[in-house]
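4 protein chains.
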Amino acid sequence: MVGGSLDAFIGEVHRKSAALDGAFDLVCGAFSSSAEKSKATGAALGLDESRVYATFNEMIETESRLPEEVRMQAVSIVTPNHVHFEPARQALEHGFHVIIDKPIAFSLDEAKQLKEITERTGLILALTHTYTGYPMIKEAKHYVDTGKLGTVRKIFVEYPQGWLSEPLEREGNKQASWRTDPTKSGEGGAVGDIGTHAANIAEYVSGLRITELSADVNITVNERLLDDDSAALLRFDNGATGVLMATQVAAGEENDLKLRVYGEKAGLEWKHSEPNTLLFKPLDAPVQILRAGTGYLSEAATRNTRTPAGHPEGYIEAFANIYMAFYHAVTDHINGELKPLSEYDFPDVDDGVRGMAFVKTMIASGKSDVKWYKVDY
Amino acid sequence: MVGGSLDAFIGEVHRKSAALDGAFDLVCGAFSSSAEKSKATGAALGLDESRVYATFNEMIETESRLPEEVRMQAVSIVTPNHVHFEPARQALEHGFHVIIDKPIAFSLDEAKQLKEITERTGLILALTHTYTGYPMIKEAKHYVDTGKLGTVRKIFVEYPQGWLSEPLEREGNKQASWRTDPTKSGEGGAVGDIGTHAANIAEYVSGLRITELSADVNITVNERLLDDDSAALLRFDNGATGVLMATQVAAGEENDLKLRVYGEKAGLEWKHSEPNTLLFKPLDAPVQILRAGTGYLSEAATRNTRTPAGHPEGYIEAFANIYMAFYHAVTDHINGELKPLSEYDFPDVDDGVRGMAFVKTMIASGKSDVKWYKVDY
Amino acid sequence: MVGGSLDAFIGEVHRKSAALDGAFDLVCGAFSSSAEKSKATGAALGLDESRVYATFNEMIETESRLPEEVRMQAVSIVTPNHVHFEPARQALEHGFHVIIDKPIAFSLDEAKQLKEITERTGLILALTHTYTGYPMIKEAKHYVDTGKLGTVRKIFVEYPQGWLSEPLEREGNKQASWRTDPTKSGEGGAVGDIGTHAANIAEYVSGLRITELSADVNITVNERLLDDDSAALLRFDNGATGVLMATQVAAGEENDLKLRVYGEKAGLEWKHSEPNTLLFKPLDAPVQILRAGTGYLSEAATRNTRTPAGHPEGYIEAFANIYMAFYHAVTDHINGELKPLSEYDFPDVDDGVRGMAFVKTMIASGKSDVKWYKVDY
Amino acid sequence: MVGGSLDAFIGEVHRKSAALDGAFDLVCGAFSSSAEKSKATGAALGLDESRVYATFNEMIETESRLPEEVRMQAVSIVTPNHVHFEPARQALEHGFHVIIDKPIAFSLDEAKQLKEITERTGLILALTHTYTGYPMIKEAKHYVDTGKLGTVRKIFVEYPQGWLSEPLEREGNKQASWRTDPTKSGEGGAVGDIGTHAANIAEYVSGLRITELSADVNITVNERLLDDDSAALLRFDNGATGVLMATQVAAGEENDLKLRVYGEKAGLEWKHSEPNTLLFKPLDAPVQILRAGTGYLSEAATRNTRTPAGHPEGYIEAFANIYMAFYHAVTDHINGELKPLSEYDFPDVDDGVRGMAFVKTMIASGKSDVKWYKVDY
């Protein structure tokens, strides 16, 4: 693992998610840019001292020289965005599979380079767009794919958070600090941090691609250096339109990513505050409450569920579903039996590239008086 | 009453709303452009045959010659949009107060003329933007007005309907036919029919005005003649931004107007599917569920409530609240004691003018590649 | 109208409900045991002074001597329970139809006498068990009747209120005072006030009858004179079992009557806080959200609905549905075309008798160490 | 681990819960009464073959002879109820701490014996009453303990499931088979399987004890051998009363354990379908929505939460909270620093004894015409 010292948030989520289903053991780490912190974290996690490294370079190089049956098999990168590319690049170049927290990189250019490397090396790169790991999102995709909505016409996706309503970055909040720092986050603030999730889930479920957008991107809190609020009108490649909203200054909101997809015949609604529920809304019949863990769901939903209906799974389980899909791909790769990536159903380097193109386009559009911007990559 | 024959929808809502609190008696009507239909409707409603008229002109002229204590005191106009202006104009010119279904008129120009006439005559004109009649919308406004949110930063308002997902206007559905007919509805379809409600409630609660917008306006169903779908990025006069969505092709949705307003310190959420509830979301404390009929609400909310908490009121009651406010203004006018209109708290001709300006701007923006359009009136 | 002076609650609900659909005009009243209050109420309601009476005896006698086309056609009795029987008896004996607020009377014996009189006179007696007036309760009954649940096995009905958590009757609250006064309410407090609603709705929807019960009946607030809390295990005539709960000391609860009925194949859930929704829960398929005003509902639900889906109706509308059914029965009676009462679908004297038997049995069981009590009437 | 072969449900939940936070490693197991199945399960879990045992006796004896730093430190017992006591007894007698799935044993007598052994040996016994592991249940308890409700008056607890609406035990469903088999479950069916959870959570949150009850216990499905439905009127040791319902034939219900506690000043509501939410309902102020992961919660809630507000945790996390509390107690015991068990806050042998007394009393009461039964243990 690269990053994820004891006072980080997402590193611990990665560790629990990887541990949950028993597929991955944490064997080594460079947990912090501070060697001391890294050491303390490794100790707290019960790692062999010799495999707690001061830097990721050291980790990758040292591990790559260990015997195959001992050395790490994949690297989990859970650092802020500006430290995604370099460890990913080095890991891949040294033959390690990689799983990275989103967004994939600091810039679209970095993302494209990672794509080039994975194509060249044939190694696996997974991206933890957590929300597409939920079973009811799998079901939603299944409903669209099997034509239950007819042609998709309209997509609403929103991601309201309220925690950056105040200038926490000036009050020593570590999570706020790097997220609002353009040298660490890249050119997008809210757009990169949560807007990419919104765009990703909309595209994943609908099977469509955002081709053009018209964005309003704002810095709401005085003296903040990156956007904390954004919205966009969307156009998709089949002619559907939509609205995306991603804000971190919706005071009082927690983290309620919500997706609505409407087709000719029916609509779908999913929201993160009730992740085990998917609403199916046919035109002239009662709305149906589809529930995780029931017997009537698709194979894709069932495969990503651990407990029967009424035993709620949550964020860590969704995260772990991505880890499990990554695990299966890695295992098959090791065994020389890798199938097409789409069969493993996890966000990959292409999602990463599109995410960075989305950020770039949102920011450019937000500054422009031209109404529609193409999303190019 | 002008319009509202037996097979209409909104006419009956007006009648029940006016009857509910016993303030208005229906005494006469020109219920249809068909004299026969008008007669049948009058009979079914138990009206004196002599006061069921073939045309609104006839009604207004005849009634104006009746003795003061007999003749009608106000006219309710519940026709399609293209028949709002003329009966309203004539009624006002003959000295009658007027209550009109929204939008106020066929065009911004008509709306401005009505404004001129009301200013000149001093008569009352009310507009049934139903949703602002709900007690919890009064409470929301009270919360904003009394600073519980701090400065408003962000407004999301959405109005998803699904009933026009299919070409009902080609299947003989009367409600669909005039609403999608530009000769009857005016230049806006969904924009006029429901977008005006969304814009009105956002402005009413926030106390802000939409100054600029960037709209995406679509005809989704083939061969339809007016927009059935719209969305816009919004800018308000205090610098706040927002998103508005008004669509009639969100398959499976009923009529769930929803408003969210976020300030520096807290957010508010109200939705029409649970109209007796208002969520107050402070930054660092539990969300509060404010409920109609409770003892802790403002005077404005309480005044617009009939039953104690837990005895739900609905659409007709909200509608009736506008009728009651109109009644009080009319009564005070008759008694020569008219107070400033704002004290009666009903949508008036200014809301009507702004509504028509909103429609005009949305349609213009929707056709344009210029990003931001000013809302002028 | 008997009772319903200006400071009463339920009288105004009756008046608005009767006015809503234009079926009834209020023509006379004895609104209070205080002649002065009665007069003031009549004046406020715009009644002809000559038809505002000091006592209900006077009203019934005087009206019965008026010409048929002038005199009242039905009497609405909205007094506390101890003044239900005598005005009802007199009205019926003088040839007037009667609609009474629940519970029907002060005692089972009074209820049985009213039954005898209605049978003898052939006049109509309706009882305002409001909650069975809701369209989605009609739909629930339709689902049971048409076998969508299979044999009913289990019924849960609960009616939690919190408003009597404090001794409001000692603080001058008029509503609390008579409801906790055994000389006005009868032998049941919460049991009579809300328990009867719970029992009635359970029996109405299921089509079953409560045959035995085992009750826990409590006075929770010190020095209160009647029960403010009750619960019972239930047995129904088809062998189904159930639980009933009716309490007025569930602090923080409003008025959320809730019914759940489970059969071999599916369950149903309805709650008063979302009265326009009925959940249908099949064994192995998604829960369906049935909604008022939609096209897929039964005739009985549709007949009791005024507005399309997404335009919520509430308590007054449910109340008005009973008034409309009563109106149709009265009209048919006047026209000599009365059908069997069940076709009008309103709570009648039999419901009233069963309600009083329920109260009597609950109170007796609550005081006893015998486990099961038969509900006899 | 004893029990938990690959086709079991709860064994896998125990394994994931133990793994989630990295506190426990699974080192050995006797996973099935079939040696072959046990072996296959051990292999699938990647265990050392030498530590996969054919019987729990063999496991306990063999492990107890391994060097201290190698042998297992605690035993997790996840078998059907009739195989709880003997492995627990043997493990404790051999010096191993024990964590057992609920109910603790087959009978009250067995439970009391386990209590005697834990008292004699000083070893830790934890019971996985999962639902009390949820952070918002900790918060609910905190609210009661700190007087925010005043004296508790009323408790409603319900546990509706629908999965046994059909005779699954005759269709080869393994989960249904042992649960409806009196030789494996003990004298209670639904009462033991889910009623004990309901009783436990009511007592845990309120801090009260059920002293008397009056139960209705039913076999609803023909030819079933154990109760599948139960309800009871409850009396608590402070004079509060309540209602408990635990049924497995509520067709269409999943697993929605729900608790409501009402005091003089306020009420609380929690339900398993939204486990990260706790409603606090003061008498005369808005209901508050308390949410897991927020900054305003008690230490006990916070300690049992992994993710920030809006990142839902679920069933496995609640389960893991019990494992973590057990882990801390075991660790402190090993280090000779064991604090009073209440400080670790997990269900222990006393909860187990009370649970079995509850089952025994429910069953006895259900068969009896005596109204109130004391819960003795």
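Chains as they are written, first to last, in the working numbering: chain A, 257 to 633; chain B, 257 to 633; chain C, 257 to 633; chain D, 257 to 633.
Note that the Cβ used here is the ideal one computed from N, Cα and C, for glycine as well.
query	result
Looking at D:Gly549 and D:Thr563, is the spacing between their C-beta atoms short of 8 Å?	yes
Who are the neighbours of C:Met501 on chain D, taking C-beta pairs under 8 Å?	Phe412 and Val499
Just the Cα atoms here: how many angstroms apart are C:Asn591 and B:Pro343?	40 Å
Please state whether the Cβ-Cβ distance between B:Pro596 and B:Leu383 is less than 8 Å.	no
Look at the alpha carbon of A:Glu314 and the alpha carbon of D:Gln369, and state the distance between them as a whole number of angstroms.	57 Å
Could you pull the start and end residues of the beta strand (DSSP E) that B:Leu535 belongs to?	Thr533 to Pro538
Indicate the three-state DSSP secondary structure (helix, strand or coil) for A:Val517 in the structure shown.	strand
B:Val477 by DSSP, collapsed to three states: which one?	coil
Which partner residues of B:Tyr629 appear in the DSSP bridge assignment?	B:Leu469
Below 7 Å on C-beta distance, what does A:Ala275 contact in chain D?	Ala275, Leu276 and Gly278
Is A:Ile360 helix, strand or coil when you go by DSSP?	coil
Given that D:Arg345 touches chain A, what residues does it touch there, using C-beta distances under 7 Å?	Going along chain A, no residue has its Cβ under 7 Å from D:Arg345, so there is no contact; the nearest lies around 29 Å.
State the Cα-Cα distance for the pair D:Ile316 and D:Ala488, rounded to the nearest angstrom.	40 Å
Based on DSSP bridge pairs, tell me the residues matched to B:Lys410.	B:Thr497 and B:Tyr518
Would you please state the rounded distance, in angstroms, between the beta carbons of B:Ile578 and B:Gly389? I believe it to be under 8 Å.	5 Å
Give me the residue from B:Gln504, B:Gly519 and B:Leu546 with the minimum Cα distance to A:Leu539.	B:Gln504
Chain D beta carbons: is any one of them nearer than 8 Å to that of B:Tyr552?	yes
For C:Leu405, which of helix, strand or coil comes out of DSSP?	coil
Are the C-beta atoms of A:Lys521 and some chain B residue less than 8 Å apart?	yes
Enumerate in chain order the residues of its own chain whose CB-to-CB distance from C:Ala330 is below 8 Å, with the five nearest sequence positions on each side excluded.	Phe280, Phe352, His353, Val354, Ile355, Ile380, Phe582 and Val586
Which bits of chain B does D:Leu546 rub up against, with CB to CB less than 8 Å?	Pro542
For D:Lys537, go through chain C and note every residue whose CB falls closer than 8 Å to its CB, in chain order.	Gly418, Ala507, Gly508 and Glu509
Could you give the residue range of the alpha helix (DSSP H) that holds B:Ser332?	First-last for B:Ser332: Ala330 to Ile333, but that is the beta strand (DSSP E), not the alpha helix (DSSP H).
Of all the CB atoms in chain B, is at least one closer than 8 Å to the CB of A:Asp604?	no
Quick check on the DSSP output: what are the complete beta strand (DSSP E) runs of length 3 or more inside the region 546-593 of chain B, in order along the chain?	none
Whole angstroms are fine: how far does the CA of B:Val413 sit from the CA of B:Ala455?	8 Å
Taking the Cβ atom as the reference point for each residue, do B:Asp625 and A:Lys627 lie within a distance shorter than 8 Å?	yes
Name, going along the chain, the residues of the region 561-576 of chain A whose beta-carbon falls closer than 8 Å to a beta-carbon of chain D.	Arg562, Thr563, Pro564, Ala565, Gly566, His567, Pro568, Glu569, Gly570, Tyr571, Ile572 and Glu573
Do three or more CB pairs link the region 401-415 of chain B to the region 485-501 of chain B at distances below 8 Å?	yes
For A:Thr476, go through chain B and note every residue whose CB falls closer than 7 Å to its CB, in chain order.	Arg409
Going along chain A in order, which residues have a C-beta closer than 9 Å to the C-beta of B:Tyr390?	The contacting residues do not exist; B:Tyr390 stays about 21 Å from chain A at best.
With distances taken between CB atoms, is the gap from B:Trp434 to B:Pro336 smaller than 8 Å?	yes
In the DSSP output, what is D:Gln369 paired with across the bridge?	Per DSSP, none; premise fails for D:Gln369.
Measuring straight from C-alpha to C-alpha, what distance separates D:Asn560 and A:Lys371?	40 Å
Okay, do the region 465-476 of chain A and the region 297-304 of chain A touch, 3+ Cβ pairs below 8 Å being the bar?	no
In chain order, what residues of the same chain lie with their CB nearer than 7 Å to the CB of A:Tyr399, ignoring the 5 residues before and after it?	Leu405, Leu524 and Phe536
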